[in-house]
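Engineer:
Chains as they are written, first to last, in my numbering: chain Y, 6 to 450; chain R, 262 to 515; chain Z, 57 to 571; chain H, 636 to 1023.
#1: Leaving aside the five residues before and after residue 30 of chain Y along the sequence, list all residues of the same chain whose C-beta is less than 7 Å from its C-beta, in chain order.
#2: Between the alpha carbons of residue 367 of chain R and residue 409 of chain R, how many angstroms are there, rounded?
#3: Measure the CB-CB distance between residue 579 of chain H and residue 754 of chain H and report whether it falls below 8 Å.
#4: Does the region 330–344 of chain Z come close enough to the region 462–480 of chain Z to have 3 or more Cβ pairs within less than 8 Å?
#5: Using 8 Å as the threshold, is the C-beta distance between residue 525 of chain Z and residue 550 of chain Z below it?
#6: Just to confirm my understanding: we take residue 238 of chain Y, look at its own chain, exclude 5 residues before and 5 after, and list those with CB closer than 6 Å. What are they?
#7: Which residues mark the beginning and the end of the alpha helix (DSSP H) in which residue 338 of chain Z is found?
#8: Against chain H, which members of the region 352–365 of chain Z pass a CB distance test of less than 9 Å?
#9: Does residue 430 of chain Y get closer than 8 Å to chain Z when you measure Cβ to Cβ?
#10: Could you spell out the range, first to last residue, of the alpha helix (DSSP H) harbouring residue 751 of chain H?
#11: Looking at the secondary structure, which residues open and close the beta strand (DSSP E) in which residue 729 of chain H lies?
#12: Quick one: is residue 76 of chain Z near chain H, going by C-beta distance under 8 Å?
#13: When you compare only the Cα positions, how much space is there between residue 788 of chain H and residue 714 of chain H?
#14: Once the 5 residues before and after residue 895 of chain H are set aside, which same chain residues still bring their CB inside 6 Å of it?
#15: Does any residue of chain H have a CB that is nearer than 8 Å to the CB of residue 382 of chain Y?
#16: Per the DSSP calculation, residue 307 of chain R is bridged to which residue(s)?
#17: Pull up the distance between the alpha-carbon of residue 296 of chain Z and that of residue 304 of chain Z, whole angstroms please.
#18: Does the CB of residue 444 of chain Z have a neighbour CB from chain R at under 8 Å?
#19: Which same chain residues end up closer than 6 Å to residue 73 of chain Z when comparing Cβ atoms and leaving out the 5 residues on each side of it in sequence?
#20: Just checking, does the region 342–358 of chain Y make contact with the region 43–61 of chain Y on the three C-beta pairs under 8 Å criterion?
#21: Which full runs of the alpha helix (DSSP H) of 4+ residues lie inside the region 386–469 of chain Z, going along the chain?
#22: Whose C-alpha, out of H:664, H:831 and H:671, is nearest the C-alpha of residue 821 of chain H?
#23: Which whole-angstrom value describes the C-beta separation of residue 934 of chain H and residue 765 of chain H, a residue pair presumed to lie in contact below a C-beta threshold of 8 Å?
#24: Identify each residue in the region 761–790 of chain H for which the Cβ-Cβ distance to at least one residue of chain Z is less than 8 Å, and report them in chain order.
#25: By the 10 Å Cβ neighbour count, where 16 or more other Cβ atoms means buried, how is residue 123 of chain Y classified, buried or exposed?
#26: Taking the beta strand (DSSP E) that residue 136 of chain Y belongs to, which residues open and close that run?
#27: Residue 120 of chain Z to residue 189 of chain Z, Cα distance in whole Å?
#28: Shortest alpha-carbon distance to residue 383 of chain Y belongs to which of Y:313, Y:361 and Y:430?
#29: Quick check: what's the CA-CA separation for residue 225 of chain Y versus residue 770 of chain H?
#30: Output yes or no for whether 8 Å exceeds the beta carbon distance between residue 140 of chain Y and residue 119 of chain Y.
#31: Output yes if chain Y places a C-beta closer than 8 Å to the C-beta of residue 806 of chain H; else output no.
#32: Cβ atoms of residue 445 of chain Z and residue 966 of chain H: under 8 Å apart, would you say?
#33: Closer than 8 Å, Cβ to Cβ, to anything on chain Y: give me those residues from the region 884–914 of chain H, in chain order.
#34: Quick check: the Cα distance between residue 1014 of chain H and residue 411 of chain R, rounded to an integer number of angstroms?
#35: Please report whether the beta-carbon of residue 569 of chain Z lies at a distance below 8 Å from any beta-carbon of chain Y.
#36: In this structure, does DSSP put residue 155 of chain Z in helix, strand or coil?
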């Protein structure tokens, strides 16, 4: 089994180094494909109110993965090569649409596996259906803790989907509390006592805020949470409010995404609230898109941000290739969800190859559970699943079919207009690039 | 020509009474303590120079405006300050100076609105029959299925008059019935007015040109600066000095 | 704000009553026989003295001595202020912090407002008093001072002039403020020593952003005043204005850099005229094709048609932009290289201080741009022939037509100019907020609030409305007792005011009677 | 053209247009009844149809409100939301009357009970709003309703603890059917039935005296009032009626029939604008037209996600396929906007209006009267009189 994987990935690298636009043609050149191909559905938001920018990147990555796989002669089952074919569906970020699209995937396009999903609401709404239909699924971006958690859990008062849980759904994106953990640990290491959390009132912001708030308070820090609506442009009033607090906060944590977060961060900086000598500015993965970030937050230097995915300085060749291609397409750094989506397709393909079937869901799931692959984000494996069913006491339910160690790092810019590839990794220490846990404004490591 | 006395025997009860009705807009005293009563079928002309408050008074009577003070009774019911539809039900119908036909509804529908509003339970068939009669009287029966916005100005006026009859009110107020109407239709209107009068209704037609009013009306009410300055038989009014200088001197007040 | 206990009690128990007594017994005596005082009944004088003395101490007494003419209104106002102030001060102390201010804001206040709004105007009519604004005043007062409003307006049905409105409005605001204070005493709006600085800061924020808002609203109001049409494409025109500016600057900078070889970035100020020009043309074309037939009587239910057609236009613009420019946020360079203007902290003594006050540089600049443009427009409307023609048309189409003005052209001009103003504000804001195709939605909602508040069709009204909305949003978000919700409800505050104005005074604060 | 004329006259001599119209209607209904049994159709198409039915209800009821009664409300979606949210909250938390000390636990409320409560809630709010709106006309009314629905949306979004914020609120499922296909089948018929019922109810109202009064009010409120139409009553009535219809439809649709949870994004003005656009394109003043418009537009917007263009004459694209795929993305909506604007400008009564009127004998009658009028010699009078 392992051998095939190796072959596949090596071949993939070779193919990627070969000219990419022509990959399909070349594939035809030196691969014999079976008549019917393997269909994988990609469920991503491509129109408002969904997070379109994310969806675009994800669908790009998914298609890209398929091309690469095909360039490596697709998925070979019983020494027959099957080409991978991608079907993209637009979830519009709404559960209703998501369900409809998944249904179309299953019944009309007859996909054998599904990946993608950006909004947790969509993930929550669709995972039951995917499970009932036995479609192996690897979610690549929803963060809500309840996604992919096993069937024992309930969410907003609904009974378990079925007795033995959501067994067909895997997740390679972190659960929000995994991310929260890192951020909070880092801040507590710096000894912050007075925290302000600004969270968007969405399925991303609220759970994340709740989680981090709990962690902070457990550690005895005082926390003020401020909720904002996405699409708000002018944050000055609420920022002035923070400014007027009796004791200036040690850190302002931004749990807002998209253009809204850029507005917020920029205004924060312009008012000199954070980053400043007294206050640390902590934003989130959106800051990793350095081109966009610097265009929209020119004053956002010295803001720290959490990032999911292996750190640029440790990019594997796969990651480097992917990043190069992404940059060609979007003139920006490849975001984690694109990497995750890319990897997800590979994981599925690999699972099918090892299961020796593209249709037997159970077998594929079993195979995926024992995944052991090195891809753009690092080494993939799933700790808990039917192969290792009993979660130890205290292990949260979402660890079921969850990639246990997506790398979550804290990074920080220390030069105006710096590319996030050069930005300093400041936490966890093992990854530190500039040997410091926090770069104070005005200084450089 | 039938006299009021003969009519009174046949007619339904009819008693319209205004006591000291006033209306003030901000500083302007539009209608100033107007009082008069109508107790029998009459052809009443209400005249007065522009801005004398004729239309305001009409609006007050028909419930479009609330009087600042004073009371209006119709057949024993107090109607001042009531919404127009109550007033109409109480038996006072009015037309508008600029015709208010319901543009994108057919003539028949225009007729049915008051009909059904007046007695919702009433069978459509009877109402339609009645509508046809009235339209026929008004010489626009052939336009039944026409959208009323396609009608000519004069025909719209006729339609308005027709709608009033569907309500069969005790008192009818016609605001400028002759304004901008083709001569040929004016006769129809006059004829209509007489017919209605003969059915025992009081008709009050408002106009700012005395000429048209004189030959029709049996009683004239003259408004000036919102107040009644004369009320009586046309001849008497015609020679009333107050009226004369109101009209001579009316140039400076509009 | 919460005044210090000792001070409060001192005044409540000692100074107040003392001067009240003076006012009560001395004032009528010395005023006796003076013409301007005798117009009032002795009791009025007594009560006035009482209140005046209690509220303002010597000042009050002096005032009523030297200016008896003021006695009635002043004492009335003072009385009300006092009641509210004392009550709220007492509440602050008596009631526990988690007293549900909703109780007043959502139940008692509206209840009294409704009652007052229902009964008082009728009462006015029965007494043949001039009931202009009575409704508004009653509702405001009912909300602000509850049952007291009946006491104020029932017996002596006063003529409701602007001071009345302002006083009552202020009281209402004060009421909310006091309740916020009760809810959350650590609220920076109330907690000394920050309050003074904080309120100034928020007001400043409000005024700055308000002026920027009004620029867009002015366009809306201009269109309405001439055409009697509310443009539902305004937000999208604002949005495309921003994009035009953005793309122009990008290309200009690029080509200039190419030419000169040095790295040049064109100042966003130049984007404004470009955007203005393009959108002016767009507006003119749209008006010619789609709005013109309205005024030629080809269309019935004009206002609905106008709503829909502009709406569809906006719909088209938004999605076309989305298809062309994509969903990625864009932003231009800054106007000026100053991050923020700061007024440093000033210490009165060791615990009381004022400042610092910050204003973001670019916003200040955008505010200036906004104000300049608005006044330019006003000047244009007042002085130039075309401007006068526009105004004439908005006054009375027929009359204008008679005097040789071509109303059709005026319509086109008004719509084009209105759209242009939207585009200009877009171009003026893209250096401040980053830009996405749906950026217009929130903004246009706000400018509806502004124009209705200021009165549809009134340019100065739009300016005032903009500033009011700005301040309300700033204070709302800043003073909401629950910091976690304050920001999320930011728009909501403006919307509530909007709804109230629509219901109570659809003509707005400065508006003409509605068409 | 000639042929059409002949056909037309043939019909007129034959069964007559109205009858033919009914026939066509029946055929359409039969088609929809048969449709889910077509084995070749996937559940996905059914899902698209289901939401199509839902939006048909929305825009036809809006057509009654705006097209027939002239009440130009943007709050329609909000009322739908009120229905759904009320139902959801009731089914989750039950009701507690603190003062009376009595509380009804959620378990005692059936899914349908919740839906009914939701409907009532929507109606109640409709009553209040309708009453508040009495003083407002046209643009002011539109603005007020926009403000109202935005406020509602923001509240639903912000009161995270109660409404689930943007995670949405999942209602109690109305049907518990394990088998997916069977479930979809039932949901399809349920929604279609609902559409028929609603259309029937709306139709009855529109063609009753009330409908006549509503149109009268739309044309000229003062005149209608002067003719004895109780404008206040009917204005409020129409608000309550339409709110209840959409509240009901919403509560059912989100009880896991069309969707499993309602999210605040559904209440955005954008969604409302879509409904308006559907109604406009189909014909604001005809209920059927609006419904059809909504259904067709939705279907097309769905179908246009991916347009496969097959190349003629065996031409092939570079990778050898004989068809290439065009994904219009946002251009769909841009196009939609264009269609809406041009419909308004050049076919004000909607694209389906000609067909609908052709089927109603009205326009025969019209033609006749027109010809009669031309024979009539008051032309001069008209011109003269219109100068006033």
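We put the beta carbon where it would ideally sit given N, CA and C, even for glycine. Quick caveat: nothing in here was measured; it's all calculated off a predicted structure.
Structural biologist: Looking at the atomic coordinates:
#1: Any reading at residue 30 of chain Y must be qualified, since the residue scores a pLDDT of 40, below 50, and its modelled position is unreliable; no value is offered.
#2: 5 Å
#3: An answer regarding residue 579 of chain H cannot be provided, because it is not within the stretch 636 to 1023 covered by chain H.
#4: yes
#5: yes
#6: 268
#7: 327–342
#8: 355, 356, 357, 358, 359, 360, 361, 362, 363, 364 and 365
#9: no
#10: 746–767
#11: Premise fails: residue 729 of chain H is in no beta strand (DSSP E) and is neither H nor E.
#12: no
#13: 11 Å
#14: 805
#15: no
#16: R:467 and R:482
#17: 12 Å
#18: no
#19: none
#20: yes
#21: 417–439, 441–451 and 453–458
#22: H:671
#23: That pair is no contact at about 33 Å.
#24: 767, 770, 771, 772, 773, 774, 775, 777, 778, 779, 781, 782, 783, 785, 786, 789 and 790
#25: buried
#26: Taken as a continuous stretch (DSSP letters only), residue 136 of chain Y belongs to no beta strand (DSSP E), being part of the alpha helix (DSSP H) at 125–137.
#27: 29 Å
#28: Y:313
#29: 56 Å
#30: yes
#31: no
#32: no
#33: 893, 894, 895, 896, 898, 900, 901, 903 and 905
#34: Legend: pLDDT at residue 1014 of chain H = 43, less than 50; position of this residue unreliable, value from coordinates given subsequently. The straight-line gap from Cα to Cα measures roughly 11 Å.
#35: Reliability fails at residue 569 of chain Z, whose pLDDT of 46 lies under 50, so the model's placement of it is uncertain and no value is given.
#36: Bear in mind that the predicted position of residue 155 of chain Z carries a pLDDT of just 49, short of 50, making it unreliable; the figure below should be weighed with that in mind. DSSP places residue 155 of chain Z in coil when its eight states are reduced to three.
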